[in-house]
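Chemist:
Protein chains in written order, with our numbering: chain P, 6 to 432; chain G, 6 to 432.
Encoded structure:
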C-alpha cells in the first residue's frame with residue numbers, strides 16, 4: 006500500500022481499473038443498506054422494552070407530588086421526570102421543562118417563540134428586527150440547519166476544532182447584532198463526535214454577544230452515549246458556567262431520551278435559567294395544556310435516577326461499540342496508508358465523520374447509492390447543504406446489523422478510493 | 006316561588022337578606038370545589054387503564070405496515086392510528102395527520118404555520134399581510150381565544166344560535182380579506198353544547214371567503230361524547246361537504262382522545278384535504294421527525310375501531326350523565342321560575358352554559374369564589390375575556406364528585422339569585 010499522491014498517472018489508471026472491478030463486483034451482489042440516519046437498530050429498541058411495563062393498568066398514575074398524570078396540566082411536567090431530566094441536562098430541578106417525545110420539536114418551538122415574542126433581554130421579537138442569523142459549527146447536524154433555514158434564519162458557518170467551535174471566529178461574529186443564536190452539540194457532536202473542552206464551555210459562558218436576545222442552543226443529545234467505560238469524554242455542566250458569569254440567560258440546553266429509550270416514544274426536555282424558563286412556560290402554556298405525563302412517569306419509574314440510565318446505557322454501548330469498531334477498523338485498514346481521507350475516532354455518540362479527498366464527497370455518496378448503500382447526502386452537514394470543499398461524509402453505523410455494516414464499510418472505502426483516483430486523474 | 010321581576014323593592018330586600026343568610030351558611034361550611042375546567046374526574050381516567058397494557062414489553066411494537074413504532078419517522082403517524090382517527094374526524098384515511106397528545110397544540114402549530122408560511126391558495130404568510138382576524142362564535146372556548154390572541158390575531162365575535170353560528174353575520178364578515186379563519190366547535194360546542202345542524206355545515210361548506218388563505222378551524226373535541234343512547238346529536242361529516250362543493254381547502258378538522266382516554270396521554274389528529282395536509286406535513290417534518298408512535302399503537306390496539314370507542318364512551322357517559330342531570334335539575338328547581346337565568350340542556354359534551362342576569366356574571370363568579378367554589382372566570386368564553394353583557398357562566402360538572410357537585414350547584418344557584426337581587430336593587 007502506498008500514498009496515492011506518490012503514484013504516477015499510469016499507476017493511478019491501473020488502480021482505477023482494479024477499483025472499478027472491485028466496485029462492480031460489490032454492486033452486482035445486490036446490496037440494500039442504509040447508513041444515512043442516526044437511527045438505533047431494532048436490537049437497541051428492544052433494550053427498552055421494560056419501559057412499556059413501567060406504568061401498567063394496575064400502577065398508580067399519580068406523580069410523587071399528587072399530580073394525576075392522566076389528566077390535564079401542569080404544562081412543564083411532573084417532578085420525578087424533571088429531576089431525571091435535570092440530571093441529564095446538568096441543571097437544577099427548577100430549571101427544567103419536560104416536553105413531548107422530541108427535543109427537535111422543543112428546539113423548533115423555542116426558536117418559533119423567539120421569532121414571535123420578545124425574549125428576556127430583548128425588546129422586539131426576532132421577526133420584527135432586521136433579520137436573524139445563527140452560527141452553525143460545521144460539520145453539524147442537518148436537522149438543526151433545516152429548522153433554522155425553514156424558519157427564515159440565516160446561517161453562518163463556524164469551523165470546528167478538536168475541542169469545539171473555533172471561538173475566535175465566534176467572538177468576532179457575535180459582535181454583529183443580527184446574530185441571534187448558535188447551534189452547539191456539546192458532547193460527541195454530530196457528526197464528528199467532538200466534546201467541547203472545559204475551556205471552550207467557559208469561554209462560551211463568558212461571551213458578551215452584542216444583543217440581549219442572543220441565545221446558545223446547546224443540543225446535548227448524546228449526554229450519556231459513551232462507547233467505553235474506561236475512556237470517555239467528560240462535559241462540564243454548562244448552565245452553571247453561564248450562571249457563574251452572570252450570563253445564565255444566554256443558554257438553552259436541550260436533551261431527550263430518543264437515543265436512550267425510544268426515538269418514537271421518549272421524553273424531551275429543555276433546561277434554562279429562570280427568565281428563559283418563564284419565557285418558555287408562558288408561551289408553551291398557550292400552545293398546550295400539557296405534554297404526555299404518563300410517558301414522563303414511565304421514564305421516571307423505569308430509570309429512577311442517573312444510575313438507572315447509566316446501567317441502561319452500558320447495554321446501548323455494547324450494541325454500538327462493535328459497529329463503531331468495525332467501521333473504524335475498516336477505514337484504518339483500507340484507507341489509512343493512502344493519504345486520501347481523514348476521520349475522527351469518537352468515544353461516543355452516533356456518528357463517524359470522514360473527510361474524503363476535497364471535491365469527491367458527492368461522487369462517493371453517488372457511487373455508494375448506485376451500489377445499494379444509502380449514505381447521508383454529501384453536504385448535508387453544512388448549512389444550505391453546501392460543503393464548500395465537498396469532502397465531508399457522515400457515517401451512521403447504528404442502524405445496519407454488524408454483518409451488513411461490514412459490507413457497507415468495505416463498499417464505502419472502495420468508493421472513497423475510486424472517487425479519489427478519478428479526482429487525481431482529472432488534474 | 007315567583008319571578009323576581011314581579012317583586013317590589015321591599016320584597017327584594019327581604020329576599021336579599023334571606024339569600025345572604027343562606028350564602029353565609031354555605032360559606033362557613035368551608036367548601037373547596039372546582040367547576041372551572043373541563044377536566045375528567047379520576048374515575049373517568051380509570052376507565053382507560055386497560056390502555057396502559059395495550060402495548061407491553063412482550064408485544065410487537067411494529068405497525069401493521071411494518072413501521073417500527075419505537076423508532077424515528079414517519080412524521081404523520083402509523084396506519085392503524087390514522088384509520089381510527091380518520092373515523093373520529095369523519096375524513097378518509099389518507100386525509101389525516103396523527104400528532105402528539107394535544108389537539109390544542111396541533112391547532113396552535115397549524116396557525117403558527119399559517120402565520121409563517123403561505124397556505125395553499127395564499128400568496129404570502131399571514132404575518133406578512135395587513136393583519137389577520139378570526140371569527141369567534143360566542144360564547145366559545147377560552148383556550149381557542151387565548152391561542153388566537155397570543156399569536157397576534159384579531160378576534161371578531163359571532164353570535165351563536167341554537168343550530169350553530171349566525172351565518173348571515175359570518176357571510177358578511179368573510180368578505181373582508183383580513184378575515185383569515187374561524188373557530189368552530191361543531192358538536193356539543195364548548196360551552197353551550199350546541200351541535201351544528203346539517204344546514205349550517207352545508208352553508209359553511211359552500212361559503213366563498215374573500216381570500217384563498219382563509220380556513221375554518223373545526224375543533225371536533227366532543228365527537229363521541231353523547232350522554233344518552235337514545236337521544237343524541239348527529240353531526241354530518243364535515244370535510245365531505247366541503248369537498249362536494251370544491252371548497253375542501255377551506256377546512257381543517259381537529260380532534261383528540263383527550264376526553265376519551267387520557268388528557269395527559271392521549272393522541273391528537275388533524276384531518277384535511279390533500280393540499281392542506283401536504284402543507285401540514287411539510288412544515289411538521291421540519292419541526293419533528295415524528296410524534297410518539299407507541300402511544301398511537303396503544304390507542305389503535307386498545308380500541309381497534311369505532312365500535313371499540315363507542316363501547317368505551319358508554320362508560321364515560323355513565324360517569325358524566327348523573328353530573329349533568331344533577332346540575333340541570335338543580336338549576337331547574339332553584340332558578341326556573343324566577344326568570345333570572347336561562348341555560349342550555351346539552352345532550353353531550355363537557356359543559357353547561359348559563360346566562361345569568363345581564364351585568365351579574367362577574368359578581369356571581371366572585372361570590373362563588375369567596376365561598377370556596379372556583380368557576381371559569383366570567384367573560385372567559387368571549388374574545389379578550391370580555392362578555393359585553395356580563396352574563397355568561399360556564400359550568401364544568403365533570404371534575405367534582407357527585408356529592409360535591411350537589412353542593413357546588415346549590416351554591417351557584419344561591420349566588421346567581423343573590424347577584425340578580427343586588428342588580429335589581431341597584432336600579
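Glycine included, C-beta positions come from ideal geometry on N, C-alpha and C.
So, does the CB of residue 134/P fall closer than 8 Å to a CB anywhere in chain G?
Modeler: No, because no Cβ of chain G sits closer than 8 Å to the Cβ of residue 134/P.
Chemist: Could you name the residues of the segment 289-315 of chain G whose beta carbon sits closer than 8 Å to any beta carbon of chain P, in the order they occur along the chain?
Modeler: Correct list: 291, 292, 293, 294, 295, 296, 297, 298, 299, 300.
Chemist: Determine the DSSP secondary structure at residue 38/P, reduced to helix, strand or coil.
Modeler: DSSP places residue 38/P in strand when its eight states are reduced to three.
Chemist: So residue 139/G and residue 165/G are supposed to be a Cβ contact under 8 Å. How far apart are they, rounded?
Modeler: Going by Cβ atoms, the distance from residue 139/G to residue 165/G rounds to 15 Å, so no, they are not a contact pair.
Chemist: When DSSP labels each residue in this structure, what does residue 404/G get in the three-state scheme?
Modeler: It is coil, neither helix nor strand.
Chemist: For residue 58/P, which residues in chain G fall below 8 Å Cβ to Cβ?
Modeler: What residue 58/P touches in chain G: 61, 62.
Chemist: Drop a sphere of 10 angstroms on the beta-carbon of residue 173/P, count the other beta-carbons inside from all chains shown, and report buried for 16 or more, exposed for fewer.
Modeler: The residue in question, residue 173/P, is exposed, as its Cβ has fewer than 16 Cβ neighbours within 10 Å.
Chemist: Tell me which residues of the segment 150-161 of chain G have at least one Cβ-Cβ distance to chain P shorter than 8 Å, keeping chain order.
Modeler: Result list: 151, 152, 155, 156, 157.
Chemist: Whole-angstrom Cβ separation of residue 56/P and residue 303/P, contact assumed at under 8 Å?
Modeler: About 6 Å separates the two Cβ atoms, so the contact holds.
Chemist: Have a look at residue 58/G and residue 294/G and give me their C-alpha separation to the nearest angstrom.
Modeler: Between residue 58/G and residue 294/G, the C-alpha separation is close to 26 Å.
Chemist: So that I know if they touch, is there some Cβ in chain P lying closer than 8 Å to that of residue 230/G?
Modeler: So no, residue 230/G is outside the interface.
Chemist: Hey, how far is the Cα of residue 84/G from the Cα of residue 300/G?
Modeler: For residue 84/G and residue 300/G, the distance between alpha carbons rounds to 13 Å.
Chemist: Hey, could you find the ends of the alpha helix (DSSP H) residue 262/P is sitting in?
Modeler: It is not in any alpha helix (DSSP H) - residue 262/P carries neither H nor E in the DSSP assignment.
Chemist: Under a Cβ-count criterion, where at least 16 other Cβ atoms within 10 Å of its own Cβ denotes burial, should residue 297/G be classed as buried or exposed?
Modeler: The residue is buried, with at least 16 neighbouring Cβ atoms inside 10 Å.
Chemist: Exposed or buried, what is residue 16/P when buried is set at 16 or more other beta-carbons lying within 10 Å of its beta-carbon?
Modeler: Its Cβ having fewer than 16 others within 10 Å, residue 16/P is exposed.
Chemist: Residue 242/P bridges to which residues according to DSSP?
Modeler: According to DSSP, which records beta bridges pairwise, residue 242/P is partnered with nothing at all.
Chemist: Can a CB atom of chain G be found closer than 8 Å to the CB of residue 77/P?
Modeler: So, interface residue.
Chemist: Could you give the DSSP three-state label for residue 342/G: helix, strand or coil?
Modeler: Helix, per DSSP.
Chemist: Could you tell me which of 422/G, 404/G, 292/G sits nearest to residue 336/G, measuring between CA atoms?
Modeler: Here the closest residue by C-alpha is 422/G.
Chemist: For a minimum of 4 consecutive residues, which ranges assigned as the alpha helix (DSSP H) are wholly contained in the segment 150-191 of chain P?
Modeler: Segments of the alpha helix (DSSP H) lying fully in the segment 150-191 of chain P: 172-178.
Chemist: Report yes or no: do three or more beta-carbon pairs, one from the segment 310-324 of chain P and one from the segment 391-402 of chain P, lie closer than 8 Å?
Modeler: No contact exists between the segment 310-324 of chain P and the segment 391-402 of chain P.
Chemist: With a threshold of 16 other CB atoms inside 10 Å of the CB of residue 34/P, please say whether the residue is buried or exposed.
Modeler: That one is exposed.
Chemist: In the DSSP assignment, the alpha helix (DSSP H) including residue 94/G goes from what residue to what residue?
Modeler: From DSSP, the alpha helix (DSSP H) with residue 94/G extends over 84-94.
Chemist: In terms of DSSP beta bridges, what is residue 353/G paired with?
Modeler: DSSP, once it has assigned bridges, lists 231/G as partnering residue 353/G.
Chemist: So the beta strand (DSSP E) residue 380/G belongs to, where does it begin and stop?
Modeler: 378-380 is the span of the beta strand (DSSP E), which, as asked, contains residue 380/G.
Chemist: What residue from 372/P, 394/P, 386/P has the CA that sits closest to residue 424/P's CA?
Modeler: Of the candidates 372/P, 394/P, 386/P, the one whose C-alpha sits nearest the C-alpha of residue 424/P is 372/P.
Chemist: Give me the chain P residues within the contact set of residue 267/G, using Cβ-Cβ distance strictly less than 7 Å, ordered along the chain.
Modeler: Within 7 Å Cβ-Cβ: 75, 299.
Chemist: Can you tell me whether residue 251/P is buried or exposed? The criterion is at least 16 other CB atoms within 10 Å of its CB, across all chains shown.
Modeler: Exposed: under 16 other Cβ atoms inside 10 Å.
Chemist: Using a beta-carbon distance cut-off of less than 8 Å, what residues from the segment 28-47 of chain G approach chain P?
Modeler: Cβ contacts with chain P come from 42, 44, 45, 47.
Chemist: Is there contact between the segment 133-150 of chain G and the segment 180-189 of chain G, where contact requires at least three CB pairs shorter than 8 Å?
Modeler: Flag = yes, the segment 133-150 of chain G and the segment 180-189 of chain G touch.
Chemist: Excluding the 5 residues flanking residue 52/P on each side, which residues of the same chain have their C-beta closer than 6 Å to its C-beta?
Modeler: Once the five neighbours on either side are set aside, the close Cβ partners of residue 52/P are 320.
Chemist: For residue 399/G, go through chain P and note every residue whose CB falls closer than 9 Å to its CB, in chain order.
Modeler: Chain P residues near residue 399/G: none, gap ~16 Å exceeds 9 Å.
Chemist: What residues of chain G sit near residue 113/P, judged by a beta carbon separation below 9 Å?
Modeler: Going along chain G in sequence order, the residues near residue 113/P (Cβ under 9 Å) are 291, 292, 293.
Chemist: On the premise that residue 274/G lies in contact with residue 125/G, defined as a C-beta separation below 8 Å, what is that separation, rounded to the nearest angstrom?
Modeler: Incorrect: roughly 20 Å between the Cβ atoms, too far for contact.
Chemist: Report the rounded CA-to-CA distance for residue 388/G versus residue 141/G, giving the unit in angstroms.
Modeler: Straight-line Cα distance between these residues: approximately 7 Å.
Chemist: Within 8 Å (strictly less), CB to CB, does residue 65/P reach chain G?
Modeler: No, because no Cβ of chain G sits closer than 8 Å to the Cβ of residue 65/P.
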